[in-house]
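Trainee: As given, the protein sequences belong to chains A and B, one line each in that order. Quick note: the first sequence uses this note's numbering, first residue 1, plus one each step. Quick note: the second sequence uses this note's numbering, first residue 1001, plus one each step.
2 protein chains.
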Amino acid sequence: MKAVIVIGDGMADRPVRELGGKTPLEVAKKPSLNWVAKTGVCGVIDLIAPGVPPGSDTAHLALLGYDVFKTYTGRGALEALGSGVDIQPGDVAFRCNFATVDDNFTVVDRRAGRIETQDASELARDLKKVRLKKIQVTFKNTVQHRGILLLSGPGLSARVSDSDPHKIGKRVSEVHPLDDTVEAKRTAKIVEELLQRFHEILKNHPVNAERKKKGLFSANIVLCRGAGALPDLTTLPRQYGIQAAAINAVPLVGGVCKAAGMSLINVRGATGSYDTDIEAKADATIQAVKSHDLVLVHVKASDIASHDGKVQQKVRMIEKIDDMVGRIVKNVDMGETFVAVTADHTTSLLTREHEGDPVPVAITGPCVRTDDIEEFSERACARGGLGRMRGIDLMPTLMNFLGKTEKFGA
Amino acid sequence: MKAVIVIGDGMADRPVRELGGKTPLEVAKKPSLNWVAKTGVCGVIDLIAPGVPPGSDTAHLALLGYDVFKTYTGRGALEALGSGVDIQPGDVAFRCNFATVDDNFTVVDRRAGRIETQDASELARDLKKVRLKKIQVTFKNTVQHRGILLLSGPGLSARVSDSDPHKIGKRVSEVHPLDDTVEAKRTAKIVEELLQRFHEILKNHPVNAERKKKGLFSANIVLCRGAGALPDLTTLPRQYGIQAAAINAVPLVGGVCKAAGMSLINVRGATGSYDTDIEAKADATIQAVKSHDLVLVHVKASDIASHDGKVQQKVRMIEKIDDMVGRIVKNVDMGETFVAVTADHTTSLLTREHEGDPVPVAITGPCVRTDDIEEFSERACARGGLGRMRGIDLMPTLMNFLGKTEKFGA
């Protein structure tokens, strides 16, 4: 028996006026998602707890079966892991953005106009030249404005605040220690110095001069957030004796999966954006199931559409996810494969934020206790046979179907 | 966005033979409660955990988002707070009843025939004269037979038992320490001495002589229960950055709300009894919503009807609550207000006690994920889109709608 988990990032939503009071999932044409619901058992999931808006990282930790209150150590380390940065115990990593500030260090754009990866790479090349005493600095840009800052060396702490003020129109925050330790104070100071030196390099950089000419946002600062150290997880192979793989284009999700002992499968054409090659992801999943017990496939852009408030774009992304699910279920042996579909959180098109509303889930496969739900959506699944679950319960539920959970007791 | 929570005390029930196997909620005419269900999302709530009968204090603590197993410190302190008694850390407070005992200290009536507040006040005046060495004694009668005893001074403990045997026909219990500490032993001894002295004053009191003449129960003893110290709560303003108010006529509930950082709004005509002025409570709620993010309005008498086994009275009280909800939803801006209706526990007309059965809940407001439930009742709501929740999850659920919960993760 095998299992595939399909995660539409931020796919769940609230009723939207523009859609006649329906959610994007409710209006999307989604024959394959509905097929999973109809042939399977449905429910809703509170990823962390009712009302608590999850991040993509904590949500995926929960969906992989981890207690986030005990294991979560910040975004930075997970994103570093997922970006192929070699993070070791004791290191501290940050998620970074290239951003745009004015002369007063007030943030004008938090993503430097979603700068193209090529421009960002050219800028990053010069940031990598910065050296500090005793501390090894690694800066890696990933996709578009996104990047990783890794500090390695003795006496570091992840208990430091963000320089990212998280809002346009606010000034860049000073990085301060979040506890009274020498390590936190020292780390905050190091980061402050480093970001200052980055700014010196960026503000007069030829790439930015060129961007200004073109009327584009200048990537004149690096904002950092989510300082984190490596989490201490019992991997899925160790926990359940399975081989597991993840297919996704987002470093943060990849990092969670890697920390859980899953192998990361890179798919050409998987972009983490609207143009992602959904067929390629489906085919990679179909291939991966042959050599793994569990395959997680994650699609990002449904979340991006919500953050951008793009209603029709979100509906279309859900329809793309539906296509992907259709291709998967037609091409894996459904006589021995369980397919679970869910989201990692609700992202509201209205508030453009992650919200704490539960997400729908449907699981099809051999001998699940089917219910009478025939539609994959927030409201339909709420009436399903799985009832209301927590995120942490999905993995044991699937592993139980696969015969991989151990009896507790005699 | 604002939120109103309407709590019908003990409003939930079990099917009643006298009502043709229906519950009081099921037979009551309740167009407004049904409107909340129909336009909203429904569910059932286990206040503490399935099968555990909650007190009004623990139920309200849970509904305000607190883990009762970690925060509950006994009824006395909460009731003292709600009665305007100035309780400080280290103090121990008891909920008290004026009651009637025979010559063998067997309880004849636990409420001295629900003695009028005026008679109780006259008796209390003389109890207030009692002095002890090193310990400051405060006795305050509140409504009818109800009162508060507060002990202030060094070396006290709330770990002492009740003198109230909780049943008619039983003898008054000796107050004993509930742990091995010197403080608990000392406190038990102090309370015993004090209650003895109260009895001496009461048994020959002119007020009681007069009551006997009229054929009324003599309030010849004070029964105490629920020894408690101040709970240590993170207030709602601190937790969510909101302003919150509570409208109710019951000191115990008021105390919980005050401990949670809510301001208490006194409403003329709110009696905590069948004759409570429901219009005045509705109007106070409508007014309070203007200056607060969250308003809790509590109606007591549905619970009293159950404790008294009065079936029709309970149905009528539910209809009064329905009137109140109708007046509220017609007069607040429902475009920016969430209204949640629930009960703090099931009180069975048959057993006349709090029971551990879940209570119905319905939440209406902008962009909730409506379900197909059209009736506010125990059985109808159990099929609703919220599923089965815990009491502690209601507040995060509402605060999520108000955009007041913080994202956990990135």
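Idealized CB from N, CA, C, for every residue including glycine. In this text, all values refer to a predicted model and were calculated from it rather than measured experimentally.
Do valine 1253 of chain B and glycine 1082 of chain B come within 8 Å of each other at the CB atom, strictly closer than that value?
Mentor: Taking the first residue of the second sequence as 1, we reach residue 1082 of chain B at position 82. Taking the first residue of the second sequence as 1, we reach residue 1253 of chain B at position 253. A Cβ-Cβ contact shorter than 8 Å links glycine 1082 of chain B with valine 1253 of chain B.
Trainee: Any idea what DSSP makes of proline 54 of chain A, helix, strand or coil?
Mentor: For the purposes of this step, residue 54 of chain A is taken as residue 54 along the first sequence, with counting starting at 1. For proline 54 of chain A, the three-state secondary structure derived from DSSP is strand.
Trainee: I'd like to check one pair, isoleucine 1318 of chain B with aspartate 1011 of chain B: are the Cβ atoms closer than 8 Å?
Mentor: As a first step, residue 1011 of chain B must be located in the second sequence, where it is residue number 11. As a first step, residue 1318 of chain B must be located in the second sequence, where it is residue number 318. The question names aspartate, but residue 1011 of chain B is methionine in the sequence shown. Result yes, Cβ atoms of methionine 1011 of chain B and isoleucine 1318 of chain B sit closer than 8 Å.
Trainee: Quick one: measure Cβ to Cβ for leucine 47 of chain A and glycine 391 of chain A, integer angstroms, because I've assumed they're closer than 8 Å.
Mentor: Translated into positions along the first sequence, residue 47 of chain A becomes position 47. Translated into positions along the first sequence, residue 391 of chain A becomes position 391. Confirmed, Cβ separation roughly 4 Å.
Trainee: Give, in chain order, every unbroken run of the beta strand (DSSP E) that is at least 3 residues long and sits entirely within the segment 1245–1281 of chain B.
Mentor: Restricting attention to beta strand (DSSP E) runs no shorter than 3 residues, the segment 1245–1281 of chain B encloses them at 1263–1265, ordered along the chain.
Trainee: For valine 1361 of chain B and cysteine 1381 of chain B, what's the separation of their Cα atoms in angstroms?
Mentor: Taking the first residue of the second sequence as 1, we reach residue 1361 of chain B at position 361. Taking the first residue of the second sequence as 1, we reach residue 1381 of chain B at position 381. When rounded, the distance between both Cα atoms is 7 Å.
Trainee: Between the alpha carbons of leucine 350 of chain A and serine 302 of chain A, how many angstroms are there, rounded?
Mentor: Residue mapping note: residue 350 of chain A aligns to position 350 of the first sequence, counting from 1. Residue mapping note: residue 302 of chain A aligns to position 302 of the first sequence, counting from 1. Counting only the Cα atoms, serine 302 of chain A lies some 14 Å from leucine 350 of chain A.
Trainee: Select from the segment 1395–1408 of chain B all residues with a C-beta closer than 8 Å to any C-beta belonging to chain A, and list them in chain order.
Mentor: Identification of residues in the segment 1395–1408 of chain B having a C-beta nearer than 8 Å to some C-beta of chain A yields Met1395, Pro1396, Thr1397, Leu1398, Met1399, Asn1400, Gly1403, Thr1405, Glu1406, Lys1407, Phe1408, given in sequence order.
Trainee: If you draw a straight line from the C-alpha of threonine 23 of chain A to the C-alpha of glycine 385 of chain A, how long is it?
Mentor: Translated into positions along the first sequence, residue 23 of chain A becomes position 23. Translated into positions along the first sequence, residue 385 of chain A becomes position 385. So the two alpha carbons sit approximately 21 Å from each other.
Trainee: With a threshold of 16 other CB atoms inside 10 Å of the CB of glutamate 26 of chain A, please say whether the residue is buried or exposed.
Mentor: Indexing the first sequence from 1 puts residue 26 of chain A at position 26. Glutamate 26 of chain A comes out buried.
Trainee: Strictly below 9 Å CB to CB, what residues from chain A border methionine 1389 of chain B?
Mentor: The residue labelled residue 1389 of chain B in the question sits at position 389 within the second sequence. The contacting residues are Pro50, Arg388.
Trainee: Consider the Cβ of threonine 58 of chain A: report whether some Cβ of chain B lies at a distance smaller than 8 Å.
Mentor: Start at 1 with the first residue of the first sequence, and residue 58 of chain A comes out as number 58. Taking Cβ atoms only, chain B reaches closer than 8 Å to threonine 58 of chain A, which makes this a yes.
Trainee: Run through DSSP, which three-state label would aspartate 126 of chain A get?
Mentor: Mapped onto the first sequence, residue 126 of chain A falls at position 126. The answer is helix: DSSP assigns aspartate 126 of chain A an H, G or I state.
Trainee: Using the Cβ count rule (16 or more neighbours within 10 Å means buried), how would you classify alanine 1282 of chain B?
Mentor: Residue mapping note: residue 1282 of chain B aligns to position 282 of the second sequence, counting from 1. Alanine 1282 of chain B should be labelled buried.
Trainee: Beta-carbon separation of alanine 1219 of chain B and threonine 1100 of chain B under 8 Å?
Mentor: Here residue 1219 of chain B corresponds to residue number 219 of the second sequence, with the count starting at 1. Here residue 1100 of chain B corresponds to residue number 100 of the second sequence, with the count starting at 1. Yes, the pair counts as a contact, with Cβ atoms nearer than the cut-off.
Trainee: So, isoleucine 411 of chain A versus alanine 284 of chain A, is the Cβ gap smaller than 8 Å?
Mentor: Because chain A in this structure spans residues 1 to 410, residue 411 of chain A falls outside the shown range and cannot be described.
Trainee: Glycine 8 of chain A versus chain B: which residues are under 8 Å apart at the beta carbon?
Mentor: Numbered from its first residue, the first sequence carries residue 8 of chain A at position 8. Residues of chain B passing the Cβ test: none, with the nearest at roughly 17 Å.
Trainee: For phenylalanine 69 of chain A, count neighbouring Cβ atoms within 10 angstroms of its own Cβ and tell me buried if that reaches 16, exposed if not.
Mentor: Residue numbering aside, residue 69 of chain A sits at position 69 when the first sequence is read from its first letter. Flag for phenylalanine 69 of chain A reads exposed.
Trainee: Taking its Cβ as the centre, do 16 or more other Cβ atoms sit within 10 Å of lysine 140 of chain A, making it buried, or is it exposed?
Mentor: In the first sequence, residue 140 of chain A corresponds to position 140, counting from 1. That one is buried.
Trainee: With 8 Å set as the bound, which would you pick, yes or no: does the beta-carbon of arginine 1369 of chain B sit closer than that to a beta-carbon of chain A?
Mentor: By 1-based counting over the second sequence, the position of residue 1369 of chain B is 369. Cβ-Cβ to chain A under 8 Å: yes for arginine 1369 of chain B.
Trainee: Return no unless some Cβ of chain A is closer than 8 Å to the Cβ of glycine 1335 of chain B.
Mentor: Taking the first residue of the second sequence as position 1, residue 1335 of chain B is located at position 335. No, no contact with chain A.
Trainee: Alpha carbon to alpha carbon, how far is lysine 1300 of chain B from aspartate 1275 of chain B?
Mentor: Numbered from its first residue, the second sequence carries residue 1300 of chain B at position 300. Numbered from its first residue, the second sequence carries residue 1275 of chain B at position 275. Straight-line Cα distance between these residues: approximately 11 Å.
Trainee: How about threonine 1071 of chain B and glycine 356 of chain A: do their beta carbons lie closer than 8 Å?
Mentor: Along the second sequence, one-based indexing puts residue 1071 of chain B at 71. Along the first sequence, one-based indexing puts residue 356 of chain A at 356. Not closer than 8 Å, so no.
Trainee: Using the Cβ count rule (16 or more neighbours within 10 Å means buried), how would you classify leucine 132 of chain A?
Mentor: Residue 132 of chain A sits at position 132 when you count from the first residue of the first sequence. Per the 10 Å Cβ criterion, exposed.
Trainee: Cβ of leucine 119 of chain A within 8 Å of Cβ of arginine 225 of chain A?
Mentor: For the purposes of this step, residue 119 of chain A is identified with residue 119 of the first sequence, where counting begins at 1. For the purposes of this step, residue 225 of chain A is identified with residue 225 of the first sequence, where counting begins at 1. Per the sequence shown, the amino acid found at residue 119 of chain A is aspartate instead of leucine. In this structure, arginine 225 of chain A does not lie closer than 8 Å to aspartate 119 of chain A by Cβ.
Trainee: Short of 6 Å in beta carbon distance, which residues of its chain neighbour proline 54 of chain A, apart from the five on each side in sequence? Order them along the chain.
Mentor: Here residue 54 of chain A is taken as the residue at index 54 of the first sequence, counted from 1. The residues are Leu47, Ile48, His345.
Trainee: For the segment 293–340 of chain A, list the alpha helix (DSSP H) runs that are entirely contained and at least 4 residues long, ordered along the chain.
Mentor: 301–307, 311–331
Trainee: Touch check for the segment 1186–1194 of chain B and the segment 1097–1117 of chain B: three-plus C-beta pairs under 8 Å?
Mentor: no
Trainee: Here's a check: name, in chain order, each residue in its chain whose Cβ is nearer than 6 Å to the Cβ of lysine 203 of chain A, leaving out the five neighbours to either side.
Mentor: By 1-based counting over the first sequence, the position of residue 203 of chain A is 203. Within the same chain, lysine 203 of chain A has close Cβ partners Asn220.
Trainee: Would alanine 1003 of chain B and aspartate 1293 of chain B be called neighbours here (beta carbons separated by less than 8 Å)?
Mentor: If you number the second sequence from 1, residue 1003 of chain B lands on position 3. If you number the second sequence from 1, residue 1293 of chain B lands on position 293. Taking 8 Å as the Cβ cut-off, alanine 1003 of chain B and aspartate 1293 of chain B qualify as a contacting pair.
Trainee: Tell me, please, whether the CB atom of valine 107 of chain A is closer than 8 Å to any CB atom in chain B?
Mentor: In the first sequence, residue 107 of chain A corresponds to position 107, counting from 1. No - not a single Cβ of chain B is within 8 Å of the one on valine 107 of chain A.
Trainee: What residue range does the alpha helix (DSSP H) around cysteine 381 of chain A cover?
Mentor: As a working note, residue 381 of chain A is residue 381 in the first sequence. Under the DSSP assignment, cysteine 381 of chain A falls in the alpha helix (DSSP H) whose first and last residues are 378–381.
Trainee: So, do the segment 1227–1239 of chain B and the segment 1263–1273 of chain B have three or more beta carbon pairs nearer to each other than 8 Å?
Mentor: no
Trainee: Three-state secondary structure (DSSP) at threonine 1187 of chain B?
Mentor: The residue labelled residue 1187 of chain B in the question sits at position 187 within the second sequence. Threonine 1187 of chain B: helix per DSSP, three-state reduction.
Trainee: Using only the alpha-carbon positions, how far apart do glutamine 88 of chain A and proline 154 of chain A sit?
Mentor: As a working mapping, residue 88 of chain A is identified with position 88 in the first sequence. As a working mapping, residue 154 of chain A is identified with position 154 in the first sequence. Roughly 12 Å between the two C-alpha positions.
Trainee: If contact means a Cβ-Cβ distance below 7 Å, which residues of the segment 72–88 of chain A contact chain B?
Mentor: Listed in sequence order: Tyr72, Arg75.
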